Amino acid sequence: MKILYGTTNRAKLKLMRDATAPLNIDIICLDDLEQSHPEIVENGKNPLENAEIKARAYYKSFSMPVFSCDSGLYFDGLDEALQPGTYVRRVNGRELTDEEMLVYYSKLARENRNKLIARYRNAIFLIFDENTCFSSMDISIASEPFILTSVPHEKREKGFPLDSLSLHIETGKYYYDLTERTTLHDNMNIGLGKFFENALSKFS
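Under the working numbering, think of the first position of the sequence shown as 6, with each following residue one higher.
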């Protein structure tokens, strides 16, 4: 089965393909289509509402199985006005580049003495047809908690700039330097794989 992932971010596409590798599905992204895709205003109140807004818009445009994801970044104990939430990349109404995100969040970590504990809350909305949808914002597809540091790791992965600022809580090491773990997104990958497995079993 071919399923459209409503994104142009190749790093996110790879992550999703890795998460669903054991399943018999072919995940493509918006750039793989010959048609242009609609511009979408993500004005939901939380990641799940944004994921649904995008998925429904892409399903209306392309009439094929489609899913969209959205994430929110949340810090323990940080003032509500400073919580990125769903606006991880958008600051003061402007979309930040990867490098601009590193500068902004490095400064935020430094102002909080490198003690910020963060977690990504992730959401997914999947549409097979007009009558069959599945969604989740369960903790099983969230990242594990991590420490945001002000000093970036030398390694960069396009599309995931904040991974360079992420420290494993138990060891204090950058996730990029851990030998027995893969990435900050391991927990999410397992949860997403189970989400798709469950949805496919109910749809088929």
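The beta-carbon is built from N, C-alpha and C at its ideal position, and this holds for glycine as well. Predicted model, so just to flag it, every value in this text is computed and none were measured.
| message | With H, G and I counted as helix, E and B as strand and the rest as coil, what does DSSP make of Val156? | response | Translated into positions along the sequence shown, residue 156 becomes position 151. Here Val156 sits in coil by DSSP.
| said: If you reduce the DSSP assignment to three classes, tell me which class Ser73 lands in. | reply: As a working note, residue 73 is residue 68 in the sequence shown. Reduced to three states, the DSSP call for Ser73 is strand.
| field | Start-to-end residues for the beta strand (DSSP E) that takes in Leu113 | value | Taking the first residue of the sequence shown as 1, we reach residue 113 at position 108. Per DSSP, Leu113 belongs to no beta strand (DSSP E); it is in the alpha helix (DSSP H), Asp103 to Glu116.
| query | For Ser206, does the three-state DSSP call read helix, strand or coil? | reply | The residue you call residue 206 lines up with position 201 of the sequence shown. Here Ser206 sits in helix by DSSP.
| Thr176, buried or exposed, once every other Cβ within 10 Å from all chains shown has been counted against 16 | As a working mapping, residue 176 is identified with position 171 in the sequence shown. Its Cβ having fewer than 16 others within 10 Å, Thr176 is exposed.
| query | Would Leu113 pass as a contact of Leu87 if the rule is Cβ separation under 9 Å? | reply | Taking the sequence shown and counting its residues from 1, one reaches residue 113 at position 108. Taking the sequence shown and counting its residues from 1, one reaches residue 87 at position 82. Against a cut-off of 9 Å, the Cβ pair of Leu87 and Leu113 comes out as a contact.
| said: Would the segment 25-33 count as touching the segment 42-54 if we require 3 or more Cβ pairs under 8 Å? | reply: no
| query | Cβ atoms of Asn119 and Ser148: under 9 Å apart, would you say? | reply | If you number the sequence shown from 1, residue 148 lands on position 143. If you number the sequence shown from 1, residue 119 lands on position 114. Result no, Cβ atoms of Ser148 and Asn119 do not sit closer than 9 Å.
| How would you write the range of the beta strand (DSSP E) that Asp31 sits in, first residue to last? | Taking the first residue of the sequence shown as position 1, residue 31 is located at position 26. Residues Asp31 to Cys34.
| Got a sec? Which residues, its chain only, sit under 7 Å from Met106 by beta carbon, not counting five neighbours each side? | Residue 106 sits at position 101 when you count from the first residue of the sequence shown. So the qualifying residues of the chain are Arg94, Pro166 and Leu167.
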